[in-house]
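> To get our numbering, take the position in the sequence shown, counting from 1, and add 2.
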Amino acid sequence: MIDRRSLLAGLGTGLVASSLPGRAARAQAAPIVIRMASLKLIHSIAPHFYERFTPEGVRVEVIPFESPTEGKNAVVTKSVDFGTFGLAAATLGAAAGEPIVVIASTCNRGMGVIARKDSDIRTIKDLRGKRVAIWPGSTQEVFALERMRMEGLSVKDITPVRISFSEMHLALARGDVDAYVGAEPAPGVSLASGVGQLVEYPYGTEMGSLNMVFGAHRDTLAERPDLVRTMLEIHRKATEFAAKDREAMIAMAVAKLGQKREALAISAPNVELTWKLGPDEVRQAKTYAERMLALKQIKRLPEDGFIDTRFVDAMRDA
C-alpha cells in the first residue's frame, strides 16, 4: 500500500521530470546574441542588413556609436563582440598595446574635404590660414594631413577645430568653420544643400582609400573562432548585398541615419562597401601606421598580429 507521503513524492518527481524537456527546449531555442558596434555613418551601414543573413539561432544586436574611438573601446572592453570603426582608431589602440585585431574590411572611401560654397577654397593649398574641422584621431585626419604634407602644408598652417562628424555640416552652415574633413553622409549633405563645395576626395596617397575596418578582441579570436566565422559570413553577405543594391543602401541609411535621400544619393557613390582584406589593404594599412608614427600620433607601430586575415582568406578561398 502506498502512503500519502510516497504518493506526493512520486508526483513531485514526475512533475520535475515532465518539465525538463520544456526547459531544455527553451534553452536550445534561446538565440546566441552577438553585440555589434556600428558608427552612425553610411559607410557603416552594412550591420543594419545583418538581420537578413543571420542564421537560425543567432541574433545580432547593432549598437550605434558616435565616434570611431568609442566603437573601438567597446570592443576592447568586451562591451560588444565586434565593431566597425576607422583604421585610425584601430591603429591607435593597437599601438598602445590594446588587444584589438583587424579581421576584415568594412568600407573604403567615404571621406571628403568640403569648403563653404562662397569661399575661395578650391584646393588643399587654399586651406592655409583657414578654420578646418577635423576629428582628432580619425582616419580622415591622417588622410588630410598627408594630403597637406604633399602640398607643402602642415597642421600649423591651419586652425584645426575639434568637431564630431555629425556636426560638421551644421558648423559649416553656421560659418563656425571654413572647411571640414568629413565622413559621409556629411559631405553629401553639404553638397546637396548648396552650403558646401567639394575641395577633393583625399585618396591620392599611398594609403589609397582604406577607411573603415572590422575588429574584434584578441581573446575572441582565440576562444570563439566559430563565432568569428559565423559573424564574418553574415558580414560578407550583408556587405555584398548592400554594395550591389544602392537603392537598398540609401533606403536603409534614410531610415537609420535620418538623412535626406537627395544627400545620400550624392554620398553613396563615394562609399565602397567591402569585406575583403587582402595584400593591398594590408600594405596600405602598414603605410598608414607609418604615417601616424611620422606624425607622432602613435609612439610605436602595432605588432604584426594587429591585422589577421586568416578568416577572410578562408572565406575568399572557399
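Even for Gly, the Cβ is constructed at its ideal location relative to N, Cα and C.
Under three-state DSSP, which class holds Glu202?
The sequence position of residue 202 within the sequence shown is 200, counting from 1. Here Glu202 sits in strand by DSSP.
> Just list the alpha helix (DSSP H) runs in the region 47-116, keeping only unbroken ones of 4 residues or longer that don't cross its boundaries, in chain order.
Fully enclosed alpha helix (DSSP H) runs of 4 or longer: 70-78 and 89-97.
> Just checking: is the beta-carbon of Ala146 within a distance shorter than 8 Å of some beta-carbon in chain C?
The question asks about chain C, but that chain is absent: this structure has only one protein chain.
> Which partner residues of Pro162 appear in the DSSP bridge assignment?
As a first step, residue 162 must be located in the sequence shown, where it is residue number 160. BP columns for Pro162 point to Val134.
> For Met233, which three-state DSSP category applies?
Position 231 of the sequence shown, counted from the start, is the residue given in the question as residue 233. Three-state DSSP puts Met233 in a helix.
> Report all residues from its chain with a CB closer than 6 Å to the CB of Val183; omit the five preceding and five following residues, and keep chain order.
Stepping through the sequence shown from its first residue, residue 183 is reached at position 181. Counting only Cβ-Cβ distances below 6 Å, and skipping sequence neighbours, we find Val115, Ile136, Gln142 and Ala146.
> Buried or exposed for Tyr214, please, with buried defined as at least 16 other CB atoms from any protein chain shown within 10 angstroms of its CB.
Here the question's residue 214 lines up with position 212 in the sequence shown. The question names Tyr, but residue 214 in the sequence shown is Met. By the neighbour-count rule (16 or more Cβ atoms within 10 Å), Met214 is buried.
> Would you kindly work out how many angstroms separate the C-alpha atoms of Met113 and Leu89, rounded to a whole number?
In the sequence shown, counting from the first residue as 1, residue 113 sits at position 111. In the sequence shown, counting from the first residue as 1, residue 89 sits at position 87. Each residue's alpha carbon lies about 13 Å from the other.
> Got a sec? Which residues, its chain only, sit under 6 Å from Arg28 by beta carbon, not counting five neighbours each side?
Position 26 of the sequence shown, counted from the start, is the residue given in the question as residue 28. Residue placement at Arg28 is flagged as unreliable, the pLDDT there being 48, under the threshold of 50; the coordinate-derived value follows with that caveat. Here the set comprises nothing.
> Along the chain, where does the beta strand (DSSP E) containing Arg37 start, and where does it finish?
On the sequence shown, residue 37 is found 35 positions in, with the first residue counted as 1. Element bounds for Arg37: Ile34 to Leu41.
> Nearest-angstrom Cα distance between Gly217 and Ile105?
For the purposes of this step, residue 217 is taken as residue 215 along the sequence shown, with counting starting at 1. For the purposes of this step, residue 105 is taken as residue 103 along the sequence shown, with counting starting at 1. When rounded, the distance between both Cα atoms is 6 Å.
> Where does Arg118 fall in DSSP's three states?
Residue numbering aside, residue 118 sits at position 116 when the sequence shown is read from its first letter. When secondary structure is reduced to three states using DSSP, Arg118 falls in the strand class.
> Apply the 10 Å Cβ neighbour rule to Arg312 and answer buried if 16 or more other Cβ atoms are within range, or exposed otherwise.
As a position in the sequence shown, residue 312 is number 310, starting the count at 1. By the 10 Å Cβ count, Arg312 comes out exposed.
> Considering just the uninterrupted stretch of the alpha helix (DSSP H) at Leu212, what are its terminal residues?
Position 210 of the sequence shown, counted from the start, is the residue given in the question as residue 212. Not the alpha helix (DSSP H): Leu212 falls in the beta strand (DSSP E), residues Leu212 to His219.
> Who are the near neighbours of Tyr52 in its chain, counting only those whose CB is closer than 8 Å to its CB and skipping five residues on each side?
The residue given as residue 52 occupies position 50 in the sequence shown. Within the same chain, Tyr52 has close Cβ partners Met38, Val62, Val64, Ile236, His237 and Ala240.
> Ile123 by DSSP, collapsed to three states: which one?
By one-based count along the sequence shown, residue 123 stands at place 121. DSSP places Ile123 outside both helix and strand once states are collapsed to three, so it counts as coil.
> Taking the continuous alpha helix (DSSP H) assigned at Leu351, which residues delimit it?
Because the chain in this structure spans residues 3 to 320, residue 351 falls outside the shown range and cannot be described.
> Roughly how many angstroms lie between the CA atoms of Pro162 and Gly154, to the nearest whole one?
Counting from 1 along the sequence shown, the entry for residue 162 is found at position 160. Counting from 1 along the sequence shown, the entry for residue 154 is found at position 152. In a straight line, the C-alpha of Pro162 is about 17 Å away from that of Gly154.
> Measuring alpha carbon to alpha carbon, tell me which of Ile252, Thr222, Leu259 and Ser168 ends up nearest Asp310.
As a first step, residue 310 is located in the sequence shown; it is residue number 308 there, counting from the start. Answer by Cα proximity: Thr222.
> In whole angstroms, what separates the C-alpha of Pro49 from that of Leu279?
On the sequence shown, residue 49 is found 47 positions in, with the first residue counted as 1. On the sequence shown, residue 279 is found 277 positions in, with the first residue counted as 1. Cα to Cα, the separation comes out at about 17 Å.
> Could you tell me the boundaries of the beta strand (DSSP E) in which Val183 lies?
Locating residue 183 in the sequence shown gives position 181, where the first residue counts as 1. Per DSSP, Val183 belongs to the beta strand (DSSP E) from Ala181 to Ala185.
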